[in-house]
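The structure appears right after this line, and notes come after that.
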Amino acid sequence: MTREELFSQICVKKSFLCIGLDTDITRIPKHLLKQDDPVFEFNRQIIEATKEFCVAFKPNLAFYESQGPAGLTSLEKTMRCIPESVFTIADAKRGDIGNTSEMYARTFYDYYHFDSVTVAPYMGKDSVSPFLRQGKWVILLALTSNAGSMDFQLNEMCSPVSGKEEKLYEHVLRTSQKWADAGQMMYVIGATHPELLNTVRSIVPDHFLLVPGVGAQGGSLEEVAHAGLNKQCGLLVNSSRQIIYASAGEDFAEAARKEAKRTAEEMAMLLERHEIV
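If you're matching positions, the sequence shown starts at 52 in the working numbering and goes up one per residue.
Okay, here's the thing in structure tokens:
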């Protein structure tokens with residue numbers, strides 16, 4: 052999916068919502084456990100109920116890999132029922148030496164047909180390059196929403212280019228722009244760091260940002276939009292637990308729909324306020 056196609060969906064739906072399919076078999080409604088494939092059936096109903104209000108779905112690979120071959124079958128079936136017009140993200144957080152990364156790229160692009168993959172930048176350009184294909188996206192981890200992000204990402208370092216002090220996440224943003232442009236690379240920027248979004252936007256003004264941490268993790272959608280929106284929206288704000296686990300009962304899909312609709316309506320107001328759509 053191209054940048055223009057993604058922005059078109061944002062304009063049509065007046066939403067920049069990404070729904071995380073972090074499907075934990077221990078948390079899905081009990082009545083689904085009677086199904087042959089409970090995880091897939093949960094995902095299918097969530098997708099059908101919410102696809103009208105989101106522009107992206109983001110399966111988290113750990114929740115599928117933890118179930119062994121059956122979990123990967125659930126993932127494959129899930130991917131087949133996501134509409135082609137909806138952007139798909141393999142939340143895999145891969146990043147290894149080049150030939151290994153090439154195998155990961157084949158897995159997510161050629162087999163599962165994802166539009167994008169989350170990638171860790173720690174091993175550098177050659178570990179990221181295999182994911183940079185025409186029509187596909189790398190979503191590079193830059194400033195994450197977990198508490199442990201303080202351990203490395205916010206540490207000061209001396210830039211080997213300018214000789215000036217900068218934080219590690221800033222160095223990641225500046226260096227990685229040499230690897231791909233805003234039509235192939237996005238960045239993960241956690242909503243739990245809204246005070247740093249202005250700095251992020253000063254470094255990557257045109258790139259899309261995938262923003263986790265809104266909702267259950269306490270991030271503010273309005274704060275993220277105020278600092279993060281650009282002329283082509285430039286945001287995919289992820290919500291997982293708050294939407295997919297809105298109810299633990301038989302009404303789980305309808306509850307998810309209501310929560311997705313509420314979030315999308317808030318996003319529509321923010322897009323209108325910032326004169327984007």
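The C-beta atom is built at its ideal place from N, Cα and C for all residues, glycine as well.
With DSSP as the reference, identify every bridge partner of residue i, one or two as the case may be.
{"i": "P263", "result": "In the DSSP output, where bridge partners are listed per residue, P263 has none listed."}
{"i": "F165", "result": "In the DSSP output, where bridge partners are listed per residue, F165 has none listed."}
{"i": "W188", "result": "S167"}
{"i": "D142", "result": "N111"}
{"i": "N281", "result": "C284"}
{"i": "G71", "result": "K109"}
{"i": "L194", "result": "I240"}
Among the options, which residue has its Cα nearest to the Cα of residue i?
{"i": "I294", "options": "Q60, M201 and C69", "result": "C69"}
{"i": "R184", "options": "A171, G199, G175 and F165", "result": "F165"}
{"i": "P110", "options": "R313, I133 and G119", "result": "I133"}
{"i": "A297", "options": "F91, A311 and S167", "result": "A311"}
{"i": "G264", "options": "E207, L194, A233 and K229", "result": "L194"}
{"i": "K176", "options": "N150, D87 and I79", "result": "N150"}
{"i": "M237", "options": "L219, V179 and N197", "result": "V179"}
{"i": "R145", "options": "F138, S167 and T129", "result": "S167"}
{"i": "A35", "options": "L247, L192, W188 and T243", "result": "This structure leaves residue 35 out entirely; the chain is present only between 52 and 328."}
{"i": "F303", "options": "H82, V63, R54 and Q60", "result": "H82"}
Please look up how many angstroms separate the CB atoms of residue i and residue j, rounded, as I've assumed it's under 8 Å.
{"i": "F114", "j": "C284", "result": "That pair is no contact at about 28 Å."}
{"i": "A143", "j": "T169", "result": "6 Å"}
{"i": "G241", "j": "V255", "result": "Their Cβ separation, rounded to whole angstroms, is 15 Å, which puts G241 and V255 out of contact at 8 Å."}
{"i": "P172", "j": "S227", "result": "6 Å"}
{"i": "P245", "j": "E274", "result": "4 Å"}
{"i": "M129", "j": "R308", "result": "Note on identity: in this sequence residue 129 is Thr, with Met being the wrong assignment. With a Cβ gap of about 18 Å, T129 and R308 do not count as contacting."}
{"i": "M208", "j": "L192", "result": "Contact flag wrong, Cβ pair sits at about 17 Å."}
{"i": "L205", "j": "Y163", "result": "The Cβ separation is near 33 Å, so there is no contact."}
Could you tell me the boundaries of the beta strand (DSSP E) in which residue i lies?
{"i": "S290", "result": "L286 to S290"}
{"i": "I240", "result": "M236 to I240"}
{"i": "G149", "result": "Taken as a continuous stretch (DSSP letters only), G149 belongs to no beta strand (DSSP E), being part of the alpha helix (DSSP H) at G149 to A156."}
{"i": "K218", "result": "E216 to K218"}
{"i": "E207", "result": "E207 to C209"}
Grab the span of the alpha helix (DSSP H) containing residue i for me, first residue to last.
{"i": "D177", "result": "K176 to V179"}
{"i": "F303", "result": "F303 to R324"}
{"i": "V128", "result": "In the sequence on display, residue 128 carries Lys and not Val. Taken as a continuous stretch (DSSP letters only), the alpha helix (DSSP H) holding K128 covers G119 to R131."}
{"i": "G65", "result": "Here residue 65 turns out to be Lys, not Gly, going by the sequence shown. No alpha helix (DSSP H) holds K65; DSSP gives it neither H nor E."}
{"i": "N94", "result": "P89 to T101"}
Compute the minimum distance between the beta carbon of residue i and the heavy atoms of the ligand ZN, and state whether it is under 7 Å.
{"i": "T74", "result": "Absence of the ligand ZN is noted for the structure shown, with no ligands found whatsoever."}
Do residue i and residue j have their C-beta atoms closer together than 8 Å?
{"i": "A319", "j": "K65", "result": "yes"}
{"i": "E317", "j": "L272", "result": "yes"}
{"i": "V259", "j": "L224", "result": "Checking the sequence, you will find Phe at residue 259 rather than Val. No, these two residues do not count as a Cβ contact at 8 Å."}
{"i": "A278", "j": "L321", "result": "no"}
{"i": "F182", "j": "A156", "result": "yes"}
{"i": "F159", "j": "V106", "result": "no"}
{"i": "D73", "j": "R313", "result": "no"}
{"i": "I190", "j": "I148", "result": "no"}
{"i": "V90", "j": "G119", "result": "no"}
{"i": "S290", "j": "G71", "result": "yes"}
{"i": "F108", "j": "M52", "result": "no"}
{"i": "S136", "j": "Q86", "result": "no"}
{"i": "P80", "j": "A231", "result": "no"}
Are any of the Cβ atoms in chain C nearer than 8 Å to that of residue i?
{"i": "V179", "result": "No chain C is part of this structure, which consists of one protein chain only."}
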